[in-house]
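In UniProt numbering, the protein residues as written are 1 to 1217.
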C-alpha cells in the first residue's frame, strides 16, 4: 500500500471495526488471495467481533502486496457501501477480477500449454491445503523470488505444482506474462546447458538470429534478458531440481517455483525464498480415492485389503499410484502386493505409471546415492530404528560415537535430501524415518542383527551398565529390549526384564505400558517353559499394579510392591532376594504381606489411567485387543487393553464426552458429547470422518447398529435421533419422550431401537416404519436399556432393579433386585450374562438363566459409570468417575460370599491374635494368619471389636454388645442397652466403656456382666471413649463438639474440657506423660495437662478435618493427620512445626509413633512409613481403598489392617539376615 492508502485505512479503522462483521468478507478476500488459511485461523481466534476486524486490518497492512483495492471490493461485495465510501479517496483504480468469458479461458489454457506445463495425470487427488499454501506463496512473490516445494521421493510434488498452477485467477492476476516449465532431474552440466538452450528457444518470441548460448553463464544471462524484455510478470517452474550448483544458473531475477527433494537447494541465492514442505502422506480418504480411480471400483466397494495396503504405503502418493496401476492390470493381486509391502520389498513394487524410476526402491535410491560416502554409511546404520519411531539426537550420538554438532550436521543432510524428518519436542531434537525409507534400508541390509548388536554394545559401553547415569534418554526404555532380541541376545533381554534397577528406571521414565509390551514381545521368543512361566508372572504383576505405577511412578518401590504378591510367585521370590541384599547393606526398610491368600487369583487384569478426569464410558473392540474410553476431559482415547499403551487420542469434542464405542467392523469409533455433537472417527487415519449435528442439548448416548447402516443418539433435548451410518444424514427424530433420554440400543436385527428416559418409560421404535411400537412404564427414572440376544426381551435398569419385559407386548416378566443403583448395563456376546455398573463403586455380572449376580468386582473408588464384555466373554471392562478404566477376568463363582470387614482388633500380648467381623455377621479369630474359630451368625453386623482382658468384646450395628470367650468365641455376656450402633470401645482391667451413636456412653463390669453406669451428656454420636486414673474416670468425645471427663462410677461430669460447634473427631491420652490431645473437624487440635486440666497448646494449621492425633512415647512430639492428605509433626513444648509427612492421596485416618520415637506410620489409601524428619521410607499398597485404621507392634515391625475389599493384611518387616 502506498502512504495515502495506509493513512486512510488506519484513520478509519475504528469506524470499520464498529460496523463490519468480519465473516462477511473473509471468503471474498480468500478468493482474491488477500489472506490465506493461516490468516483466517488467527482472525477467528479473536474473542469479539471488533477484535476480529482489528486483526484483519493489521494483517492487510502487513501484506507485501497491495490489497487496498481488494478490501474495497470486498466491502462493496458484502453490501457495506457506507464503509466502502470511507476508502474511495485511496483508490487509483479498483480492480475486481470477475469470472472471464470463453476468450479468457482460452488464453489461460494457451498460457499453460505454451509454457510446457504438463497436464494433470489421469489419477490424482486434490490436496487443497497444500495447494492453497503454494498459491499464497506464489502470490506473495514480488518481481523476483523463489517458492521451494520440497519433500521426499514420491510425495507428489510435481502433481501439486501442476494443480497449483491450474488456477485461472492467479495466472491472470499474477503471471499474465506466462508460465514456463522445465524439468531437470539428476543431470550433468552438459545436459543442463542443453535444457537451458531449449528454454531460450521457447522464450525467444522475436526469433532473433542470435546463436544459442555456448556455456552455462551465457545461458543464464540470455534467460535473464528474455524474461525481462519479452516475458515480464511471468513464472519459471523448475521441476525436480537437485543441486544448488544448478540453482545458481537460474538466479535470473524472475519469479521461480521449484520442486525438489533438497529443501536447501536455493538457500545460497540472495533472493526472497518461501519454502513449502509437502506432507509425506495422504490421509485415508485421499488414499482410498487414488486406489478407487485406478481400479475403477467405488470407495465403499473396495476390498478390505485396500485399507491395509494404504496403511503399509503410509499414504505415499507414488506408492499408491504404483500399486493402483499394477492392480488395474492384475485385479486379483491385492493380497500379493500387500504381502510385498509388509515384507518391505520395495524393489518388488514395479512402476506401471509415467514415472522416471522403475520401482519404489529406485526412487529412494536416487536420493541415497546423492549422499557422501560417510553419510551413506551412517544412514545405512539407521536400519535398526523402527519406522516412524522418534529417535533422540543423544541416541544417534551414542550409536555413531559423534558429538552433538557432528550428529546434527549429518541429520541435516539427510533431512535436506528428504530421507529423514525432524521433530522438536520440549526443545529437544527427535528424528524419524518414513516407512518407505525404512523399507529401503532393510532391503539393502545384509546383516541386520550386526547393526542391532552395535547399538546395544555402544549403549552398554557408554553407560557401563549403570542405568542411573541415563538422564533424559527415553529411547533406551522404548527400544533396548527390542534391539537385544534382534541382536540375538535373548538371555540378556530376559535378565534385564528381571532386574529391578532396570525395571524401576523404565517405570520412572516411561511408565508401565511400554514395559508390559516388552514382556509380551520377549514372551513370543521364550526359549523354555520356565522362562515363559516367569515372564508371564512378571507381566501379571505389572498389569495388576499398572494404576499405581502410572499415577505414583515417582515414588513407587517395585521391590516393595512385589513383596506383597503371593509367596508362590516368581516375582515375590525375586523381590525378596533383592530386598534381602539391600537390607544387609543399607538402612532401607521393606515389609512383606505374610498372609497373602495363595488361592486368590487377580480379578483385575489391568488398570488404565490415561484420562485427566472422570471416565464416562469405555468399551472393547470386537476383533482386536483395543479399548476406547471417553472422559470429562473432552478426550476419546484408544488403547491396548493387554498393555495399557495409548494408541490414538481424539480431541475434536469441545466438552465432556459421554459415550464412545467401536463399530462392529472396528473400522470406526463413534462418540457423543455435551457439546451437542456426535462424531465418527476413522481408526486407520486417526481422523474425524463425520460430525453429526442436530441435537439442541447434551448428547448422552450414541450407538452403531450391527450392520453399520444406522446410528442412534439420545439427548437431554428429550429426543432419540436415527442417522444414516455412512453419510451421517439425519433419517428421523423421535420426540415422544417427555424428559431426558438417557440411553438407547439397537436390536440384533438392526431394525428396532429401544430407548429409556427420565420420563419413567422405555420405548421401542421401528426404524423403517418410523414409528413407536411399544411403551413400557417403570415407575422411576430409567438409566440403561438393552435387547436380549434373540430380541425377545428388553432389559431396563431402574434404580437398583433390572426389569425384564417382553419386546412384543411390553409385559413386565421379571424384576431383579441388585445391591445398588445401576448406572449402565451390557450383554455378553453369547447372551448368557449381563454386566451391571453401580453407584456403590462396584460392578457385577449376572447369570440371566438364574437371574442372580454371581460375581462382584470391587476396586474403583467412585461410581462405576459403564461396563462392557470382551467378545469371548473372558473379560469385562469398567469405567469410573475415579478416572480409571479396569479390565477384569470373568470366571464363574469367583465371588467369595463371606468377606472380612474393617472392624477388628489385634493383641500382640502373649501371642499374636486378630479378631475381626465379617459381612455375614460372624466373628472370626485368627492366630496370626491361621483361623482358629468362626462364630455362628449374630443378629447384626459388628461395628467394633476389642480384646478386653481375657475376653473379646463386640459392638454391633444394632447397639448390642456381646462378650465372647477367647477359647471358642462362645457368648459370655449379652449387654442390651444402646438403641443405635456401637461406635467405640475401650477396656481397662475388668471394666469396659462403650460409646454409641445414640449419644450415650456406658460402663460395664466384665466379671459379673453388670452395668456400672451410663452417661447421657452428649448431643450427638460418640466418636471415642477411654478410661483414666485406673478406670476411675472416662474421657469421651462426640460430634457435638464436646470433650467430657466423667466419673466412671456415678456418671457425673467431672469436666467439659472442650466445647465447640465443630465435631471432635478423636483424642489421645497419655497418663504417663500427663497429656490429653484432641483433634477437631475445624482443622485444629488442642493439648491439655490431665492432672490440672490446663490447656497447654492450640494449633490451627490444617486446611481440613483432622481425623487422628497421637503423641510420641517420650512426650516431645505430637502428630496430626488431616483430610487434606497431610501429616504434621509438632514440638509439644514450643508448638512449632517440626516437619510435614506428605503426600497422601486421601484422608489420613490413623497414625502411630514407633516406641523409639524415630518412625511414624500413617494410613490413608495405603500405609506409609516416615522418619520423624518427614522423609518417606516406604509405602505399603493394598488391593482396595479406604483403610480406616491399623494396629501395630510398638516398634512398627508388624502391622495389621483390612481394606474395603475384605483383605486382611499382616505386614511383617524384613530383618537383616
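By construction, the Cβ of each residue, glycine as well, lies at the ideal position given by its N, Cα and C atoms.
Beta-bridge partners of residue 382 (DSSP): none assigned.
Here the alpha carbon of residue 387 sits roughly 31 angstroms from the alpha carbon of residue 187.
In the DSSP annotation of this structure, the continuous segment of the alpha helix (DSSP H) that includes residue 293 starts and ends at 284-295. A direct Cα-Cα distance of roughly 23 angstroms separates residue 406 from residue 453.
Under the DSSP assignment, residue 170 falls in the alpha helix (DSSP H) whose first and last residues are 168-174.
Under the DSSP assignment, residue 193 falls in the alpha helix (DSSP H) whose first and last residues are 189-203. Within the same chain, Cβ atoms closer than 6 angstroms to the Cβ of residue 709 are found at 725, the five residues on either side in sequence being excluded. Inter-segment contact for the segment 1192-1209 and the segment 1145-1158 is present: three or more beta-carbon pairs are separated by less than 8 angstroms. Boundaries of the beta strand (DSSP E) around residue 1014: 1011-1015. At least 9 angstroms separates the beta-carbon of residue 782 from that of residue 805.
Here the segment 167-178 does not lie against the segment 274-294, with fewer than 3 beta-carbon pairs under 8 angstroms apart. Counting only unbroken stretches of 3 or more residues, the beta strand (DSSP E) elements lying wholly within the UniProt repeat "WD" (650-691) are 657-662, 668-673 and 677-682, in sequence order.
Listed in chain order, the beta strand (DSSP E) runs fully inside the segment 903-960 are 913-918, 923-927, 930-934, 942-948 and 951-956, counting runs of at least 3 residues. Judged by DSSP secondary structure, residue 477 falls within the alpha helix (DSSP H) whose first and last residues are 475-486. In this structure, 383 is the residue among 425, 994, 383 and 392 with its C-alpha nearest to the C-alpha of residue 419. Between the C-alpha atoms of residue 828 and residue 836 there is a straight-line separation of about 11 angstroms. Secondary structure of residue 1119 (DSSP, three-state): strand. Around the beta-carbon of residue 545, 16 or more other beta-carbon atoms lie within 10 Å, marking it buried.
When C-beta atoms of the segment 677-696 are compared with those of the segment 660-669, three or more pairs fall below 8 angstroms, so the two segments count as touching. For residue 328, the enclosing alpha helix (DSSP H) starts and ends at 317-329.
A distance below 9 angstroms separates the beta carbons of residue 619 and residue 866. It is roughly 36 angstroms from the alpha-carbon of residue 839 to the alpha-carbon of residue 947. A residue is called buried when at least 16 other Cβ atoms come within 10 angstroms of its Cβ; residue 1008 does not meet this threshold and is exposed.
When DSSP states are grouped into helix, strand and coil, residue 617 belongs to the strand group.
Shown here, residue 1063 sits in coil according to DSSP, grouped into three states, outside any helix or strand. With contacts defined by Cβ atoms closer than 9 angstroms, residue 686 and residue 650 form a contacting pair.
Per DSSP, residue 313 is not a residue of any beta strand (DSSP E); the alpha helix (DSSP H) it occupies stretches across 305-313. Here residue 812 is not near residue 863, since their CB atoms are 9 angstroms or more apart. For residue 1025, the three-state secondary structure derived from DSSP is strand. For residue 1088, the enclosing beta strand (DSSP E) has its first and last residue at 1084-1089. With a cut-off of 8 angstroms on Cβ pairs, the segment 850-858 is not in contact with the segment 1173-1181, counting fewer than three such pairs.
Looking at the backbone, the Cα of residue 210 and that of residue 184 are separated by about 24 angstroms. Beta-bridge partners of residue 1177 (DSSP): none assigned. Residue burial is scored here from C-beta neighbours: residue 564 has at least 16 other C-beta atoms within 10 angstroms and is therefore classed as buried. Taking residue 796 as reference, the option from 785, 790 and 789 with the minimal CA-CA separation is 785. Under the 10 Å beta carbon count, residue 677 is surrounded by 16 or more other beta carbons and is classified as buried.
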